[in-house]
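Asker:
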Amino acid sequence: MKTLAVTGISRNSISELLKNQVRTFVLKNIANYSVLTNSEVGDVLFLTSIRKSDLTVGTEGVIAKLVSMDLCTNIVTDEKADENETVVVNAQFEFLGYAVCLDVAENEDYPLVNPKNLFIRIKSIYG
Numbered sequence: 438m439k440t441l442a443v444t445g446i447s448r449n450s451i452s453e454l455l456k457n458q459v460r461t462f463v464l465k466n467i468a469n470y471s472v473l474t475n476s477e478v479g480d481v482l483f484l485t486s487i488r489k490s491d492l493t494v495g496t497e498g499v500i501a502k503l504v505s506m507d508l509c510t511n512i513v514t515d516e517k518a519d520e521n522e523t524v525v526v527n528a529q530f531e532f533l534g535y536a537v538c539l540d541v542a543e544n545e546d547y548p549l550v551n552p553k554n555l556f557i558r559i560k561s562i563y564g
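Its first residue numbered 438, the sequence shown is counted upward by one per residue in this note's numbering.
1) Counting pairs of Cβ atoms below 8 Å between the region 494 to 501 and the region 516 to 527, do you hit three or more?
2) Flag this pair as touching only if the region 475 to 492 and the region 503 to 516 have three or more C-beta atom pairs under 8 Å; answer yes or no.
3) Quick one: which unbroken alpha helix (DSSP H) runs of 4-plus residues sit fully inside the region 449 to 494? Chain order, please.
4) Could you work out which residue in K489, I512, A536 is closest to E543 when comparing CA atoms only?
5) Could you give the first and the last residue of the continuous beta strand (DSSP E) run that contains A440?
6) What residues are listed by DSSP as bridge partners for D507?
7) Between V463, I467, I562, M438, which lies nearest to C509 when the distance is taken from Cα to Cα?
8) Closest by CA to T440, which one among I487, S486, L473?
9) Measuring CA to CA, which of T523, A528, D491 is closest to D507?
Structure (structure tokens):
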């Protein structure tokens with residue numbers, strides 16, 4: 438199966454997804470932002486705690502269906518910040534199962550943030 442990777446998700450957040458089957462993540466990372474804004478509701482994505490730069494063959498993670506997503510603007514009140522607003526993605530996922538990465542390929546469609554295309558083997562599906 439070919440999919441995109443949502444990377445650097447905290448292990449605690451992944452555990453909550455496993456426990457509750459559905460969870461909304463607030464994602465700020467530009468690479469994850471790019472993956473999600475170029476995905477559609479219903480797409481199956483690979484979620485892992487591993488950083489994008491560390492994705493390799495054998496990386497384990499979960500597969501989850503993108504249930505909904507919403508772009509939100511947050512106002513920053515820190516006077517030392519260079520920007521006074523940030524954009525985050527609220528993305529709700531439904532846990533589907535476990536998977537392991539079989540191959541990692543560069544995604545030339547998004548050269549700025551270069552999300553990773555993964556070829557994964559599904560280890561188990563739930564539901």
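For each residue, glycine too, the CB sits at the ideal point set by N, CA and C. A quick note: this is a predicted structure, and the numbers were derived from the prediction, not measured.
Answerer: Taking the coordinates as given:
1) no
2) yes
3) 467 to 474
4) K489
5) Residue identity differs from the one stated: residue 440 is Thr in this sequence, not Ala. Start and end: 439 to 443.
6) N527
7) V463
8) L473
9) A528
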